[in-house]
Every structure is written in C-alpha cells, then in structure tokens.
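As they're listed, the protein sequences go chains A and B.
Take 1 as the starting number for the first sequence in the UniProt record's numbering and just add one per residue.
Take 1 as the starting number for the second sequence in the UniProt record's numbering and just add one per residue.
Worksheet for the structure shown next.
Protein chains: 2
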Amino acid sequence: MNKNYIIPNEWAIIEEGFNVENVEASESLFSIGNGSMGQRANFEEDYSGKTFQGSYIGGIYYPDKTRVGWWKNGYPEYFAKVLNAPNWIGIRIQINATNLDLNVCKISNFRRELNMKEGWLGRSFKAILPTGEEIEVHAKRFISVKYNEVGAIEYSIKAVNFSGEITFSPYLDAGIENEDSNYNEYFWETLKIVEGVNQGCILAKTLKTEFHVATAMEVDFAINGKNVAATHISIIEEKALTYTYKLKVSQGETATIYKFASYVSSLNYEKGNLIEAGFKNVTEAKNLGFAQLFQDQKDSWATIWETADIIIEGDIKAQQGIRFNIFQLNQTYMGTDARLNIGPKGFTGEKYGGSTYWDTEAYCIPFYMATKDASVAKNLLMYRYNQLGKAIENAQKLGFKNGAALYPMVTMNGEECHNEWEITFEEIHRNGAMVYGIYNYVNFTQDFEYVVKNGLEVMIAISRFWHQRANWSEVKKQFVILGVTGPNEYENNINNNFYTNYLAKWCIEYTVECLNKIEEKYPQDFKRIVAKTNLSGEETYKWIKVADNMYFPFDEEKQVFLQQDGFLDKELIPVKDLPKSERPINQKWSWDRILRSCYIKQADVLQGMFLFEDKFDKEVVERHFDFYEPLTVHESSLSPCVHSILAASIDRMPKAYEQYLRTARLDLDDYNHEVHEGCHITSMAGTWMSVVQGFGGMRVWENGVLSFNPQIPAEWKSYSFTINFRGNVLKVYKSQTDCKFYNESEKELKLMVNNMEVIIPSNQLLTV
Amino acid sequence: MNKNYIIPNEWAIIEEGFNVENVEASESLFSIGNGSMGQRANFEEDYSGKTFQGSYIGGIYYPDKTRVGWWKNGYPEYFAKVLNAPNWIGIRIQINATNLDLNVCKISNFRRELNMKEGWLGRSFKAILPTGEEIEVHAKRFISVKYNEVGAIEYSIKAVNFSGEITFSPYLDAGIENEDSNYNEYFWETLKIVEGVNQGCILAKTLKTEFHVATAMEVDFAINGKNVAATHISIIEEKALTYTYKLKVSQGETATIYKFASYVSSLNYEKGNLIEAGFKNVTEAKNLGFAQLFQDQKDSWATIWETADIIIEGDIKAQQGIRFNIFQLNQTYMGTDARLNIGPKGFTGEKYGGSTYWDTEAYCIPFYMATKDASVAKNLLMYRYNQLGKAIENAQKLGFKNGAALYPMVTMNGEECHNEWEITFEEIHRNGAMVYGIYNYVNFTQDFEYVVKNGLEVMIAISRFWHQRANWSEVKKQFVILGVTGPNEYENNINNNFYTNYLAKWCIEYTVECLNKIEEKYPQDFKRIVAKTNLSGEETYKWIKVADNMYFPFDEEKQVFLQQDGFLDKELIPVKDLPKSERPINQKWSWDRILRSCYIKQADVLQGMFLFEDKFDKEVVERHFDFYEPLTVHESSLSPCVHSILAASIDRMPKAYEQYLRTARLDLDDYNHEVHEGCHITSMAGTWMSVVQGFGGMRVWENGVLSFNPQIPAEWKSYSFTINFRGNVLKVYKSQTDCKFYNESEKELKLMVNNMEVIIPSNQLLTV
C-alpha cells in the first residue's frame, strides 16, 4: 500500500502522531540540505527502533569495490558511493538516570514539520519515560544556505512532572557505515579527535579516495530561554567524541541545548587547515546565535522561492507536492560549484550512489535553468566538459578510437562506475542527453559562446562515438545501431532502439550545424577546435553519411515508429488488463518475463517525441501516444512527467493530470513503496516540467523564441509559476478563466502565446 | 602463450623439471579421483609458493550467498559450490630442524607422472635444503576405485648426504577455504577431533547444508622398505589434527610414511556413525597395505580401459590427449550413484561450482553410454527425473503454470543457482537437452521402458514449458520465442534463436510421438501418467499447434537458417581477419562489443545440425558450416568437438583434425590459458565424440540401427575404439588402408558401415 500520512499543507510537510512504521519514510521525506551537505531526518537522541542514518557531504564519495556475479571484461573496478558522513546531529539525552529513546517511551503529541518556506525541520512531542518522568520536547534544526558548511540545532526539554537532572550528551561520531556497502567495509578512518571549550572536532579521511573531512561542533545552553554556562566531561572513543553536560531543572522548567556543527573538507581547504576551519565555523555560528542564523535561513529561502515558486490554488495536495519537489531540488543542488551534480536521491539516501546520471541533462537542467541564474545551468554543462577526457578514456576501454567519447552511466569523477553490462555498456543514449543539454541551454540562454568555448569539443567527441557505434547493414542498406538498452530498461540488448537511433542522428546533425556556424562566424575558434580535436572534413562527411542513412524501425500498417526491431512480435496486452496482483511487475515478475513482455518501464519513443516535439506533427505524437501509453507501466520515476507533458500537448488534460499527480506526490504518497530509501530527486525536476512545460506549455525554440500554451486541469482553480528567462523575470498565471503574464524585468519581453506573438512591456501585467 | 611442458607419452602425463610457473597448472592436470572424491595434485609437504589447494567430495556442496550488482527478481539466493573439503593429503616434513618446502630448496630431477593406465600420481625429486641436507623423495598416491572412500599415499625420503632425524607430521585440516567464496566466508565448522593409535579423525559439517563429513587417517612407517614402529606426539588445533613422528636415519637410508585416509559423509552414513566408519576404512586400508591397494587400483583401471580405451597410432600427442580425456572423465564420474553428476571441472577445480550443467545431456551421455553399462547413462537420466519437482518449482518462479518445468542452468540439488539473468533465465535451450538425453538413451539402449516409467513425465513438463514460452506473433503469423540466450553465449536476450526454436518444436513432437506410442502399447501406464500429470488431449493439441507453426529465421538469398532474428544486420568479418592481438575476444573486448559482433562463442545453429544430423541434407549442413564456421571463435571448450564432428560428416578432414586437436589437448596445452583453475571435464566427452562420432562416423538412429562411416586424418596411422552397444562389445579399427570390426560379444551384431548392412558373427573380426 502507498503511504498516506503526510498532512496536506501549502508550505509544510507535516506528520502527526508517532508511528514506528513511518520512521524511515519520514527520515527521507523530512531531509534537509543546502546543496553542499544534507541530512536525513534522523532523531538527535538515541533511537533503538528501525532507522536509516544518513549524513552526506556533496562531492565526498567512496569507490566501493564492485560486486558482480561473473566478471565481464570492461566492468569498472568500483561503484562510487555517496558516503554516510560522520554524525553531527547526535545529542544523547538522559532524564535523571534514564536514556531518552522514543522506541521505549510513551509518546503523545508527536509532530514533525518540514517548513519549506523557511527551510527548517521541527519536531515536538511529549514523552513519558519508563521511569515515569514526563517531558515535552521541541527540536528544530536546519542546514544553513548562507553559511553552507554549517548546521544548527535547538533542542529544548521541559520537565513536566519532575525536578531533577537533564543530561545532554552532544557527540560527533565518525564510526559510521554505509547501509549499501558491498562488502560491509568501513569507508572512513578517524585521524584525530580534538577537544576545546564546549567545542570539539573529529578529523577523518575516506579510505582510498583520501578526502579529509573535519566535523566540528560547539554547544550552548539555556534554561527557560536564558543562556546558562555549563561544563562537561568528555568521553573520547576510537572514532567518537562525546561531551556530557548535566543541567538541574525544576518541574516546569525548560532546558535547551544549541548545537552548532560544521563539515569542512579537503575539497575546499588544505588538509592541514581543516580542524581550524571547522572550529572557526562553529564559533562564528555560535557567536551569531541560533536566532540570527535562523533569520538568515528564512531570508535565503525567501530569495530562492522568489524565482522558483509555483502556486496552485484549489488543490492543496498538488500545491504541497510541487513545493516539496522544488524545495528538495534546491536542497540538493544550488549550482554554485561545477564539481557537484544532482544525485538521483540527493542527500536523502544512499541508493544510486549519489552519483550523476543522464537525469541531469534530460530532466534537471530545465528547472535549474529557468529558476536560477544562467550560470547554474552552465556549471552543470561544465561538469561534463571537465570530464570529457574521462569520457574519451571510457570509450577507449570499449574499443572506440580517435577521440570518441562515451559519457558514463553513473559517475562521481567522470569514470564509469555502474556494473550491469546491459546498462553500463549499452544504455548509450545518455550520450545524446549530453548534447541535448547543450542544445537546451543554448536555446534558452542564447549563450552560443558556450558551444564555441567548450560545448563543441564535447559534441565532436560524441558524434565520433555515434559514427563508430553504428554499422552498415547489408540487409537493410542503412546504418543500424545494434545491442543497446534504451530509456526503457525493461528491454535489454535490443537492436535499433528508435530513441537511440534518433538521438544519434540528431547529435551528428546538430554538431555539424554548430561546426558550420563556428567555421563561418568564429574562424579563429574553428581553427583552434579543429586542431585540438584533429578533425577533418572527410571525417564529418562520414558522420553525415551515417546520419543521413540512419535506419528507424517503422510499422507501415500502424504508422508508428517501433521502440526497437521486432517489437510487434510481442503479445500486446494493455497494462489495464494486467491483474493488479502482478504489479509492479519489477517486484512480481522475473527479469526474463519483463524483458519479453511488451511493458514499458518509462517513456522511450515518447521520450524522443518529448525532446523533439517540434520535429513531429501533433497527429504523429497522438498516434504514438495512443500506441505506447497503454503499454507503459511507469515503474521508473522519470516516466509520468514525460507522459503528462505530452498528454497536455495533445489536449488530453485528464491523462496529463493523472500522470502529474503520480510524479508530484511520488514520494509523499510513496507510490513505489521505497521512500524509506530516499526521495526521487531527479524526477522532481520532471514534476516542475509537468507544470511549466506541460500545463503551461512553455517551450523555447531553436530560434530562441519563448512560447506558452497555458492550459489548466479541471481540478484546479489556478496556478502560477515564475521563469527567469535570460535574466528577465516573468510570472505566468493561469486560472479556469484567466491567463496573465507579468513581466517583472527592466525591458519588454516578446513571447508567443497560443501561437500568437505577444509583447509585454517592462513591469507590466498582461491578460491574454 | 599456451603451455607446452607436458612430455608426450602414450599412457602418462609427465612433467620433468621444477618450474614454479607450472605448479598450479600441474595441480589441475595431475588431479586424481574416483568419481566419488577427487584431489588436485597439491604437494603433500608444505609449499610456500603459489598453489591452489583442492580436495573434493562428490555431492558435498555449499550454498554460497549470491553475489550480484543489482538484484533482479527471480535470482536464486545462492550459488551452490563444490566444496574444498578437509585436507587429507598433508604430510609436513622436517629434515633435522628444517622444514621441507620446494619453494626454498634447490630442486633437481623433479619428475611428476600421472599414470593413466593404472590410476596413480607419482612425484620424485632431489632437494638440497637451505641448511645443506640433501634428500631424494619419491611420493606416490591414488584414490582407490575399488574402495571408493579411501586414498593412499606412499612418501619416501632418502637421506643422501647426512645422518639425522626425519620428522613426518601427517595431518588433517578442516580449516580450509574455497578460493571462489563470494564473501570470504568459511564453509565448514569443525565438530570433533578424535585421536587413536596412529590414527585420527576430524568430524566437520558444512554450514547451511549441514553435510557431515569425517576425514580419517592412519599411518605406517618403514625404513629401507621394512616396517618400523613409531610413536607420535599430537597437536590438536581448533580445526586441525597433526601427529609428529621422528625417525632416525643414517646416510643412504630411506624413511617411508604410508598415509591412508578416508572421507565418509552423511550422504551415505548416519551422522552418528561417521567417525567409526572413517576409522574402519583407514584401518582396513592399512591392514591391506599400500601394495595390495595399489594392485587393486591397477586392476580396477584395467577393467575401465577395457571398454573405454581409444588407441591412436602415429600421433603420440593425440594418443596422450584422448587417453587423458577418457581418464579424467572416469575419475569424475563412475555412474554408480544417481545423486551425483558431472561438474564442468570435475574434481580438478572450483570454477562452475562443481554443479550440473546441460553439458551432461548434450555432451557427456554418449561417452558414458557407450563405454559403460547402460545403468550408468540411466543414472544420469534418473538424476534429472528425481529433480523434476524442483524444475517445476523453478518454472513457477518464472511465471509458468500447470506443471511446466524449466530445468536449472546450474544445480546441485535441482534448484537453480546461477545468477546472471541472461543465462539463468534465458538460456532455456537446456530444457531441450534434457529430452534429447532421453531420446539419445532410448535410441542407443532401446530401453523404451525408461520413457514409460520416468521419461515421459519429464517430457510432458518440458513440452508444457515450450508451449507456454512461445507466443503468437501477429506480424509473423507464427509462433516465436523471444528473449533467449542460445548455446552461443556471445548473444544475449535475442529473439528466435534457431537452435532453441528447433529444439522446442522437436521436444513437443517427440513427446507427442512417445505419448501416442505409450497410449497404444502401454495403456495402463498411459492412464497413470495422464492422471498424474493431469494431461488432456486439448492441451497436447495446443502444443502441436505451436510445434507446427514454429517460426525459424531464414535468409532466402543465402539459404541459411539465421542464428537469430537480425543476425544479418551485423558486420560479417571472418575470424581470420581479426587481428591476433584482439583474441580471445572475451579477454580483449568489452561485453557489448562481443554481443553486437558476429562472433560465435560455440556451435549454435551447427549444434542443432549436429544433434539432428538425420534431419538435414549433407548439402544443407555444408552450406551452414561454410557460413558459420568462419565466424566461430570457439571460446567455449564445448565448441571444437561439434565442429570437428560436423566437418568429418561433410568430408572436411583437415578441418575436422584441426578442431580435434583443439578439443583433445585443450587442457594439456592450455589453449584457453586457464588450466590452473581446473580441467574442462565435460568438453572431454566431446573429444571422445570427435573420434567415435566424428572420425568413426558412429551414429545410432531412431530405428535403433548402429552405423559407422570411418575416416582417418591424414596425420594418423590408425585408431581404434571400443563400444559397449546394448551389452555387446564391439571394437572398431581404422587405418589408412584398413577398416575392421571385431565383435567380442556372444551374439552376432548387425551394423551399417558406409551405408551398407554388415553382419558380424559372435567373436569375429570383420574387415570392411
């Protein structure tokens, strides 16, 4: 069963009542982060029930030795994993002599709130301990957006029915493990534990990758809101540092601990300076004080929401869903560091290793591009540009030559680290997403300079790959691409995946188009690039031959492109005729049965029509939608958004809305029964697209024109969203009766709305 | 580079000179066994160099937790592994105070001999120890065929240049590991260590499977060949028992230890009786004495060779090769226990888990059937019959119904335990081999009663599988079988593998043929089987519809059946045009590249034509041979034999001979650079077929007729082989000029030779 315990609220994720069954799911849903670090909503105090601990630092990973059955030539040696980092939130609590553990106390008034507007996590409850003491706890924490190495906790305990002693034992612990460790190994080595006055620090390093991380804390106390001094005794263990403070309270009094913590890493500091840097951070935080840090946090989030918010009226669950998606996307990636990227689970879990997938280019770039400064999307492109060398090496390992590049399926540092052959070696369509990301960026920003300076090199390497990867079929008298896995991973090692072949052809054509443009308009750069890549006209001629003669499987009778050769040999039984007891098929069926079935995990031919909507007539899209949608099980989180957008584009609003709900509340309602492992961050960008590109019908065309075709689901009163379009802020409002555009920028904006040209003067509201 | 150090000899495998590089390869090649247990040729004394220890007991396995990257639904929980069993051969040696270790001594006159005629392993060498003592060692050991739980060692040391003390420390050690353990776990738990007078025993059990095994030893000593008494001190460790005996020797004297050892297991005894049984075995062995045991061993092997030997004149390497193959096959499986089977590496290594593969039915049955009593082949069939329930369960796990069975790809107890989806779930052609094994057996033995009593149930369950596994293609208007892996594992998840489709159709047809025959001739049995399997005429009608309308990919232009749909889309570059540096492709190319290439790992379409040669005209076979042979890389040990046989059948003797050499000396010359991991036992049965069915052209047709078409490679003077045909012993001799048949049996034999009917009276020699 899906979960259904999150209380609808416009700006917050709220849980009321304590249910041990929901602890791990809530740990995912209530995660906090600031793009540089993140933290699952684990309790500060001890908890003896089932819990999945997770603290993460962007860019700090471990190359866990690959686990496979039978080794195949070319497999990567390791799978890079985002690391569960040293615990900074821990505060062990004793009431008189009894340890506070929600698993053994009688709990009432339990409430958890993730305040998305202001960026903090709150928790409150009443507990009666086994020894009879009753307490009331209010805890609040956040990870600062402004001071991006700092987290802060305010943890208050009211002595309801007793006078006595409350012991706070804030600690740091580097003795942590990854749940998904392949061989149950430790990933961290503790190097140094340093004590100060009310402050402490653990320096640890990751094994193999040798990242050094200092985790620092400093604490402060109050009774009834008034600061008090407190002294501690320290317990230094092999991998942990604990300070124990005992505070006397009378019945009715409230004791509070403030814990300020910081991660600093060798990504940003000299290794020798880390302890000092950590101490500096926590001392500054303590000096600012919790209240000031908290105010800064509210301000930071207010700024973020200004250009990112989507308001939905008349459907509070939809409102909560979209804001949760936008909130988590911002918690995962802020775009200020080109070394970081967007892991499919962000900082909310371990699965998928926290690594970079094609999700970034195919799903996430539009969101970050349209809600933030153009530099953010550019940083995402630069991430791949900086890894081009590794992508070329990766292709070499697979037998490609002459600077051909195959970007990895999964990576931390540019090296491939996924180890299922049918994905790693065969899901090569990802290479197309790399070029599409550039295309998308250039259309949106009109920053063609990026292509000139960086992008073209990537595109050349990828076109080389496609040219070499295709082969001439004597039978078909066309070029074919054999042995691939398309976006629909419920097919493996197939021939002539429509999506892959289409992208291959398009990549070559777009590369040649850019080459020609650069040759003409940037002759110096053209020379530089040609020299650097050793490119000849003869070579590009060969590419074009492949692109011009690419084969696409097509059925004349049905007039549809086939997902792959032989697709129509399958038994085509619509998903609706599958017994419920057999779904999701990935949990009920063996892999071979899935593979030979007609069921589609995620948009594949339709993914192509979504990316290149301008290349297909509406009736073509309709025909393909009607053929493939009934066979699609959407067991990938990345599928419903694409179907939602395409459905809107062919005026199937009920279907668009159905698929929207599935993507928007995927985690909140736990559609896939796996939210305890973490949230589906990258699919959240798809949710954003479902509103803006789906209902809003926003497109940016190759000629740079921005267009809208706003529609609204029957279930909503109105919705509005904001676009940062080449530095101009545009708000779009759509209700059942109205459609308004508000241009907040300094200059007039020219748009297409419902195929009509519209010009909106600066700072004007226009009703269309 | 291939290895080339084995000295050619008609009856022995000989190594001269000590080379640390060859130690592990020799440990495989010089392995000994008796079908119930086996032992790699590890040294008795300590050896600090690289070595791969292996002692194995038939039927004793461990379910090692599966290791995969991403778990797929339906994967088996474990991979059953043949276990490295407690060490029984160990004798630590000290000369005065110095340990004997060939890795640190100066070695000369090193010689190793595996005497295949008599079934023993000998080793001799001179060693100068680091402390200066010079010794001459002669060691001999064997695993008794007659007393099949017993092994015996004679180990003599001559004091060449000193008088002093020789310490013999015979030991048993249950603290052993499997090299291929997935998670470096111990598979054994030591339960009890028992001491006696010059005898000792360790009782240990396998974890999870709870097999109990007692390993017992008893020792005896001689000086200059005369028995002497000796007393020991014992060292009892957690998992090992060592007795230390010190013998005084004068210069020139020889001290000898006899070590008799025994494995007894809970497969054959009550757990409580194992220690007693082990002691009984070793005491009886000691009382018989090494010399008598050794004589028994020679006698046993003489009997085996009587009906199994193949004599080749004029090519000593070919002679050595074929005898090595026959010897190892007999060491692996004697056919007396229907619970045992033939692991691809027999008792010579760990790889492939010592489990049962389709190799047994597709390759091994003919050898055991024609060189041993018919009960042996029947035991192999009964092994599968007894596992039918598990095969039905296995199919259920994959979504099949109504008693359909899918036999496992790899098994110890009937449960599937292989965990690569492309093999486990998709290499379903193995199901066809199960039926083919029955067909083969019935043709050869004319024992149709087996079908009535057992075989038909297996065939019904398998026909059900094929019926359910095929689906109707609306496009092709025929039945297709999608998503399979054929015998050529260099293709995965393909559609309409010719071999698989052909076997599916044939299985149904043969089942229906047997059903009809049984209905007519054994009406009571028919009723019983129909009731037991709940079979209806309506169901068989559906099977027949599938068989009658099965699709086979075929190219009109080339007039060849295609290995699978789309095969001709590949670039067809013959193997001979592949640079040597890129071979073997499974070590040089990544998996995706192999998959999309045209290269064939092992006979596939040709495998079908080999199994059903009578169904294809010679010119059809020629055409397919000429199409597929140039694309075949033979990177499976099971491939060359099939090509050799087919080549002979179409009069391509040079090609047949080339492929014969490859199969016959695969391990001796280490073609695949992996003999150190163990020998390719099951492919050895293919070598036997290459001579008997290939050069000898032996066939047994559906009507029960035995036929020959003897040819001889230009390189040989003559060859001869023996066939046990329905209890009649027939010797076939072929030279460049002569072809003779000698009927050793009590009644006349009717054969077809070169398509002519020949009758050979009892005990007569006939020249044809």
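All residues carry an ideal CB built from backbone N, CA and C; glycine is no exception.
Close Cβ partners of residue i (< 7 angstroms) along its chain, the five nearest in sequence each way excluded
| i | result |
| --- | --- |
| Thr209/A | Tyr61, Tyr62 and Pro63 |
Separation of residue j from residue i, as counted between CA atoms
| i | j | result |
| --- | --- | --- |
| Ser31/A | Lys65/B | 34 angstroms |
| Asn496/A | Ser48/A | 53 angstroms |
| Asn182/A | Trp71/B | 12 angstroms |
| Pro584/B | Glu635/B | 7 angstroms |
| Gly119/B | Val692/B | 23 angstroms |
| Arg726/A | Leu329/A | 21 angstroms |
| Glu744/A | Met409/A | 40 angstroms |
| Ile518/B | Val458/B | 15 angstroms |
| Glu415/B | Ala80/B | 9 angstroms |
| Val633/B | Asn440/A | 45 angstroms |
| Ala12/A | Leu572/A | 43 angstroms |
Amino acids of chain B, ordered along the chain, whose beta-carbon sits closer than 7 angstroms to that of residue i
| i | result |
| --- | --- |
| Arg596/A | Leu482 and Gly483 |
Neighbourhood of residue i by C-beta distance below 6 angstroms, restricted to the same chain and skipping five residues each side
| i | result |
| --- | --- |
| Gln478/A | Asn549 and Tyr551 |
| Thr356/B | Asn341 and Thr411 |
| Lys601/B | Asn488, Glu489, Tyr490, Glu635 and Ser636 |
Residues that residue i contacts on chain A, provided the C-beta gap is smaller than 9 angstroms
| i | result |
| --- | --- |
| Asn419/B | Gly69 and Trp70 |
Terminal residues of the beta strand (DSSP E) in which residue i lies
| i | result |
| --- | --- |
| Ile526/B | Reading off the sequence, residue 526/B comes out as Phe, not Ile. That residue, Phe526/B, is in no beta strand (DSSP E); its alpha helix (DSSP H) goes Pro523 to Thr533. |
| Lys248/B | Ala240 to Val249 |
| Met756/A | Met756 to Ile760 |
| Arg92/B | Ile91 to Ile95 |
| Thr190/B | Trp188 to Glu195 |
| Met37/A | Met37 to Gln39 |
| Ala12/A | Ala12 to Glu16 |
| Ser156/B | Val150 to Ala159 |
| Glu218/B | His212 to Ile223 |
| His232/A | His232 to Ile236 |
Chain B residues whose Cβ lies nearer than 9 angstroms to that of residue i
| i | result |
| --- | --- |
| Gly74/A | Trp589, Ser590, Trp591, Asp592 and Arg593 |
| Ile586/A | First, the residue type needs correcting, since residue 586/A is Asn and not Ile in the sequence shown. Within chain B, the residues near Asn586/A are Lys72 and Asn73. |
is_contact[residue i, chain A] using C-beta, thresh 8 angstroms
| i | result |
| --- | --- |
| residue 791/B | Limits of chain B in this structure are 1 at one end and 768 at the other, which puts residue 791/B out of reach. |
| Asn330/B | no |
| Asn495/B | yes |
8 angstroms Cβ cut-off: residues of chain A touching residue i
| i | result |
| --- | --- |
| Glu571/B | Asn471 and Trp472 |
| Lys397/B | Ser590 |
Contact set between residue i and chain A, taken where Cβ atoms lie within less than 7 angstroms
| i | result |
| --- | --- |
| Val475/B | Leu568 and Asp569 |
Distance cut-off 7 angstroms: residue i Cβ against heavy atoms of the ligand ZN
| i | result |
| --- | --- |
| Ile32/A | Among the components modelled here there is no ligand, and therefore nothing to report on the ligand ZN. |
Beta carbon proximity, residue i to chain B, threshold 8 angstroms
| i | result |
| --- | --- |
| Glu426/A | yes |
| Asn178/A | no |
| Asp565/A | yes |
Endpoints, alpha helix (DSSP H) assigned at residue i
| i | result |
| --- | --- |
| Gln396/B | Leu388 to Lys397 |
| Tyr439/B | Arg430 to Thr445 |
| Trp543/A | Gly537 to Asp548 |
| Ser287/B | For the record, residue 287/B in the displayed sequence is Asn; it is not Ser. Here the alpha helix (DSSP H) through Asn287/B covers Leu274 to Leu288. |
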